[in-house]
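Written out below as C-alpha cells is the structure these notes cover.
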Amino acid sequence: MNKPKKILVTGANGLLGQKTAELFRHESQHELILTDLHDNAFESRGFDYFPMDITKKEEVKEAVKKYLPDIVINTAAFTNVDGCETEREQSWRVNVDAVKHFIIASRINSSKIVHISTDYIFDGKAGNYSESSKPNPLSYYGKSKLAAENALVTSGIDFAIVRTMIIYGTGKNLRPNFAVWLINMLSEKNSVTIVDDQFGMPTIVDDLGWALVKMVDLNKSGIYNVCGSEYLSRYEFAVKLAEIFGFNENLIKPIKTTDLNQAAARPMNSSFILLKAKTDLDLNPLNVTEGLNLLKVQLGL
Ligand SMILES: NC(=O)c1ccc[n+]([C@@H]2O[C@H](COP(=O)([O-])OP(=O)(O)OC[C@H]3O[C@@H](n4cnc5c(N)ncnc54)[C@H](OP(=O)(O)O)[C@@H]3O)[C@@H](O)[C@H]2O)c1
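Numbering (my numbering), first residue to last: 97 to 397.
Structural data, given as C-alpha cells:
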C-alpha cells in the first residue's frame with residue numbers, strides 16, 4: 097500500500113460522499129477533508145469540513161491552495177437527470193465546469209482527480225459496455241457527464257474515472273434513492289408503478305465507496321466500470337425488494353417507459369462488463385439480494 101494521502105472529497109453530504117467518508121475513515125489511513133455546498137452532514141463525527149460551491153473557480157483554487165490535497169475525489173454533481181434537461185446551464189456548471197476548475201487547480205500541486213461518471217453516457221442500445229465502449233449519451237445529464245470525462249482524459253493530469261449506475265443505500269438527510277423511495281412507499285402500503293423495460297445493474301453504495309478506497313490504495317488511474325453484479329429491470333428490482341423487506345408485491349405494477357413521460361431519455365439496457373474492476377481492484381460487487389439485505393440491516397428493519 098502507498099503512504100497515506102491527503103484526500104479532498106467533494107459532495108460529502110451526498111449518498112456516495114457520505115459513504116466514501118465513512119469507508120475511508122474506517123478502512124484506510126488516509127487523511128480526509130470534506131466539502132459540499134451546504135452545512136456539514138458530518139457535524140459531531142469529527143471530520144474536517146468546509147462548505148464550497150465547486151462552480152466557483154476561485155473557491156476551488158483557494159481550497160486546493162490551502163489544503164494541497166494529493167487526491168480530489170469528486171462525488172459532487174447535479175444528479176437530477178430530468179432536472180438537467182430544464183436547468184441546463186446550472187447542470188453544466190456543476191457537472192462540467194467544476195471539473196475543469198479542479199483540473200486547473202490540480203496543477204498547483206499535481207493532485208490527482210478521481211471522478212464519478214455514469215452509464216448515462218451510453219445510449220443503452222447494445223449494453224455490455226466495457227471501459228472502451230463508444231459513448232452516445234441520450235440526455236443532457238449524460239452529455240454533461242461525458243464532457244467532464246473528456247475534459248479529464250484530455251487534461252494531461254493523473255485521473256481516474258469510475259463509471260457506475262443506479263446507486264442505492266442509506267445516509268443522513270439524503271434525498272431518497274430508488275430503493276429507499278420504494279421502501280418508503282411500500283411500507284406505507286402505497287401502490288407504485290415501475291418500468292419493466294429499463295434494465296441495469298443496481299449498485300449498493302458500499303461497493304462503490306469500497307472501490308474508491310481500493311483505487312486510492314492501489315494507485316489506479318484510468319477508467320473503471322463499477323456497479324452491482326446483477327442485471328435486471330427496475331420492476332424486477334422492486335419485486336425483489338418487496339420480497340426481502342416483507343412488503344406486499346401486489347402493490348407494484350409494471351409500466352412501460354413511454355407511459356412515464358420522463359423529461360430525459362434513459363438508456364434502456366445498461367449493463368457493464370466488470371472484468372477490469374474485478375481483476376485490477378479485486379472487487380466482488382454484491383448482487384441485488386445481497387445488497388438489499390445489507391441495506392435492510394443498515395436501516396435496522
Ligand atoms: N445516484 C445514482 O444513481 C448515480 C448513478 C450513476 C452515477 N452517479 C454519479 O455518482 C456521483 C455521486 O452521486 P450521488 O447519488 O451520491 O449524488 P448526490 O447524493 O446527489 O450528491 C451530490 C452532492 O453534490 C452536491 N452539489 C451539488 N452542486 C454542488 C455545487 N455547486 N458545489 C458543491 N457541491 C454540490 C449536492 O448538494 P445538494 O444536494 O445540496 O445539491 C450533493 O450533496 C455523481 O457524480 C453522480 O453523477 C450517480
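Think of the CB as a built atom: it goes at the ideal place given N, C-alpha and C, for glycine as much as any other residue.
Asked                                                                                                                    : Found
Bounding residues of the alpha helix (DSSP H) (the contiguous stretch that carries F333)                                 : 330-341
Strand pairing of G296, partner residues [DSSP]                                                                          : L328
Proximity test, F174 beta-carbon vs ligand 1 heavy atom, cut-off 7 Å                                                     : yes
Heavy atom of ligand 1 within 7 Å of V160 beta-carbon                                                                    : no
Buried or exposed by the 16-neighbour rule on C-beta atoms within 10 Å, applied to N321                                  : buried
Between the CA atoms of N365 and A222 - distance to the nearest angstrom                                                 : 7 Å
Near ligand 1: I262 beta-carbon under 7 Å from a heavy atom                                                              : yes
The region 231-249 / the region 291-299 touching (three or more Cβ pairs under 8 Å)                                      : no
At least three beta-carbon pairs within less than 8 Å, the region 375-392 to the region 343-355                          : no
Beta-carbon gap between V276 and T171 smaller than 8 Å                                                                   : no
Cut-off 7 Å between Cβ atoms - residues of its own chain near G318, not counting five sequence neighbours on either side : A256
In DSSP terms, what S213 is bridged to                                                                                   : R259
Those residues which DSSP pairs with T289 across a bridge                                                                : K349
Helix, strand or coil at N280 [DSSP, three-state]                                                                        : helix
7 Å CB neighbourhood of G267 in its chain, flanking five on each side removed                                            : L111, Q114, K115
Run of the beta strand (DSSP E) containing K102, from where it starts to where it stops                                  : 102-106
Run of the beta strand (DSSP E) containing E127, from where it starts to where it stops                                  : 127-132
Contact test: D178 Cβ vs ligand 1 heavy atom, cutoff 7 Å                                                                 : no
Candidates K101, D135, E123, H126, of which the one nearest G107 by Cα                                                   : D135
Test item: CB-CB of G220 and P363 under 8 Å                                                                              : yes
Local conformation of F146 per DSSP, three classes                                                                       : strand
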